[in-house]
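Asks:
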Amino acid sequence: MSQSEQQIEQEIQAKGLNAPRLTPADIDRVIIGEHYFTAAQGTAKAMEDAAFVNGSLNGAAILPIPATLNLLTFCVLTLENGFTVTGESACASPENFNEEIGKKIAYDNAREKIWVLEGYLLKQRLYDQELWPASYQY
Numbered sequence: 001m002s003q004s005e006q007q008i009e010q011e012i013q014a015k016g017l018n019a020p021r022l023t024p025a026d027i028d029r030v031i032i033g034e035h036y037f038t039a040a041q042g043t044a045k046a047m048e049d050a051a052f053v054n055g056s057l058n059g060a061a062i063l064p065i066p067a068t069l070n071l072l073t074f075c076v077l078t079l080e081n082g083f084t085v086t087g088e089s090a091c092a093s094p095e096n097f098n099e100e101i102g103k104k105i106a107y108d109n110a111r112e113k114i115w116v117l118e119g120y121l122l123k124q125r126l127y128d129q130e131l132w133p134a135s136y137q138y
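Under UniProt numbering, residues 1 to 138 are what the sequence shown spells out, in order.
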């Protein structure tokens, strides 16, 4: 949970806003896996797969990987229902690239997308409850 999320959460609680809503913990709870790679790593694997078919070299050209692809970090988050979301971090100056920071930014960007997805699901549950209150299960 980011410092900003903590501040917002404290403000919500202090104001006694207790209607159904999402919390940062709800978002974190649905994440069951995280994977990272750079665009260079992804490109290298794609070229490897293209060069070897059924265990044999098929003559596909292995091209040099542009150094700039090392500056683009991807994060893939797997959610408990099997859905995946992605985030990325691009570094403009190679001198500033830091793997740990790139992963953190990519993770935060992927996690941010979960808020939208989970928000939609919560709104749908609330809507369903309005339509069919007797059959709604909590």
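Positions of the beta carbon are idealized from the N, C-alpha and C atoms, including for glycine. Values in this document were obtained by computation on a predicted structure and should not be read as measured data.
1. Which ranges does the alpha helix (DSSP H) cover as unbroken runs of at least 4 residues, wholly within the region 29 to 110, from first to last along the chain?
2. Quick test of the definition: if touching needs 3 or more C-beta pairs under 8 Å, does the region 71 to 82 touch the region 29 to 39?
3. Below 8 Å, how does it come out for the region 38 to 49 and the region 62 to 72: are there three or more Cβ pairs, yes or no?
4. For residue 139, tell me which candidate among Leu-126, Lys-123, Leu-72 and Ala-25 has the shortest Cα-Cα distance.
5. Measuring straight from C-alpha to C-alpha, what distance separates Tyr-120 and Asn-98?
6. Can you check whether the CB of Gly-87 is closer than 8 Å to the CB of Asn-54?
7. Measuring only the C-alpha atoms, how far is Glu-48 from Phe-74?
8. What's the gap between the Cα of Gly-16 and the Cα of Asp-26?
9. Taking the alpha-carbon of Gln-6 as reference, which of Pro-133, Pro-24, Val-116 and Leu-117 has the nearest alpha-carbon?
10. Keeping to the same chain, check which residues put their C-beta closer than 8 Å to that of Trp-115; ignore five residues upstream and five downstream.
11. Within a Cβ cutoff of 7 Å, which residues of the same chain sit near Tyr-107, ignoring the five residues on either side of it in sequence?
Replies: Well, looking at it:
1. 39 to 51
2. Contact between the region 71 to 82 and the region 29 to 39 is present, with at least three C-beta pairs closer than 8 Å.
3. yes
4. Absent from the model: residue 139. The displayed extent of the chain is 1 to 138, so no value can be given.
5. 34 Å
6. no
7. 19 Å
8. 19 Å
9. Pro-24
10. Contacts found: Leu-22 and Ile-27.
11. Glu-34, Cys-75 and Gly-87
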